[in-house]
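Protein chains in written order, with the numbering used here: chain A, 1 to 157; chain B, 158 to 245.
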C-alpha cells in the first residue's frame, strides 16, 4: 500500500497529535462525560488508520504491529487485574471508590460539575480498555493494510 | 411446500408483531423502573462517578465489558490468523 500526496501527508502529520489528544481526553474523562475506553480507543485507532492511509508503508516505523500487540496484552491483563482487585467482595467490586487513593475521592450527591479525581477503578479500567481497543483496532488496520509483501511496494512505487 | 412454509412463518411473524405492538406502553413511561432508579440514585454514592452509564458498564455490569473485550480480542485473533504476512 502506497502513501498519498505531500499535501495529504502534511495535513495528516499536523492533525495526528490533535486526534491522539482528543482520544486521550475521551478515555480520561470516561467517568464524567459521554464516552469512555471503547470510544476513545476507537478515536485513537482512527488516528492510526489516518497515518496508515496517508503514509502507506512508510508509516510502519510509527505504527508497529509488535508494539500494538504488547499494548493490547497489557490492556487486557490490566483490566482483568483491576477486576480481581475487588474479589474480596465480588469480581469487579470497586475497591478504590471513596477510599482516598488516586481517583478515590467521593463525589457529592446531585448535580455537580464533575471532578477528575473520582470514580475509583473506573478511570483505571477506562485506560486499560482504551489501550486494548486502540491496539486491537490499530493492529487490525495494520494487518489489513500491509497484508501484501515488500516486493509489491517496490513494483508500484 | 417450501413456499407455503415461508408464507406460514411470515404470517406468524406479522401476527406476533401486531399482537406485541398492541400492548406497548406509552413512550417515556417504562413499566419497570426499579433498576434505573437504583442506578440513578446510587451510582454517585457507591461508585463516585457522575456518569451513570460508565458506572453501569464498568462496575455494576463489568462482567459484560469483559465479554466485549474478549469479543474484540477474538476478532483481532481472527484477522491476524487470516491476514498475517506470508513469509517468502
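Backbone N, C-alpha and C fix where the C-beta goes; we use that ideal spot for every residue, glycine too.
Nearest-angstrom Cβ-Cβ length linking residue i and residue j, presumed shorter than 8 angstroms
i: residue 36 (chain A); j: residue 30 (chain A); result: 3 angstroms
i: residue 137 (chain A); j: residue 41 (chain A); result: 7 angstroms
i: residue 144 (chain A); j: residue 240 (chain B); result: 6 angstroms
i: residue 86 (chain A); j: residue 98 (chain A); result: Between residue 98 (chain A) and residue 86 (chain A) the Cβ distance is about 13 angstroms, and since that is not below 8 angstroms, they are no contact.
i: residue 222 (chain B); j: residue 215 (chain B); result: 6 angstroms
Start-to-end residues for the alpha helix (DSSP H) that takes in residue i
i: residue 194 (chain B); result: 191-199
i: residue 206 (chain B); result: That residue, residue 206 (chain B), is in no alpha helix (DSSP H); it is neither H nor E in DSSP.
i: residue 178 (chain B); result: 159-179
i: residue 13 (chain A); result: 6-28
i: residue 185 (chain B); result: Residue 185 (chain B) -> no alpha helix (DSSP H), and no H or E assigned at all.
i: residue 240 (chain B); result: 219-240
Nearest neighbour of residue i, chosen from the options [CA to CA]
i: residue 26 (chain A); options: A:39, A:16, A:115, A:64; result: A:39
i: residue 193 (chain B); options: B:233, B:166, B:213, B:236; result: B:213
i: residue 104 (chain A); options: A:92, A:90, A:119, A:115; result: A:119
i: residue 211 (chain B); options: A:59, A:32, A:67; result: A:32
i: residue 63 (chain A); options: A:77, A:70, A:48, A:53; result: A:48
i: residue 19 (chain A); options: A:9, A:4, A:45, A:6; result: A:45
i: residue 200 (chain B); options: A:7, A:9, A:111; result: A:111
i: residue 129 (chain A); options: B:235, B:224, B:179; result: B:224
i: residue 12 (chain A); options: A:34, A:54, A:2; result: A:54
i: residue 205 (chain B); options: A:126, A:76, A:107; result: A:107
i: residue 209 (chain B); options: A:71, A:68, A:83, A:122; result: A:122
Mind pulling the alpha helix (DSSP H) runs of 4 or more residues that sit fully within the segment 49-129 of chain A?
65-85
Residues of the segment 173-201 of chain B whose Cβ lies closer than 8 angstroms to any Cβ of chain A, in chain order
201
With 8 angstroms as the C-beta to C-beta threshold (strictly closer), list the residues of the segment 212-236 of chain B near chain A in chain order.
212, 214, 215, 216, 219, 220, 222, 223, 225, 226, 229, 230, 232, 233, 236
Closer than 9 angstroms, Cβ to Cβ, to anything on chain B: give me those residues from the segment 10-40 of chain A, in chain order.
29, 30, 31, 32, 33, 34, 35, 36, 37, 38
Mind listing which residues of the segment 75-90 of chain A have their C-beta closer than 7 angstroms to chain B's C-betas, in chain order?
76, 79, 83
Against chain B, which members of the segment 50-74 of chain A pass a CB distance test of less than 8 angstroms?
72
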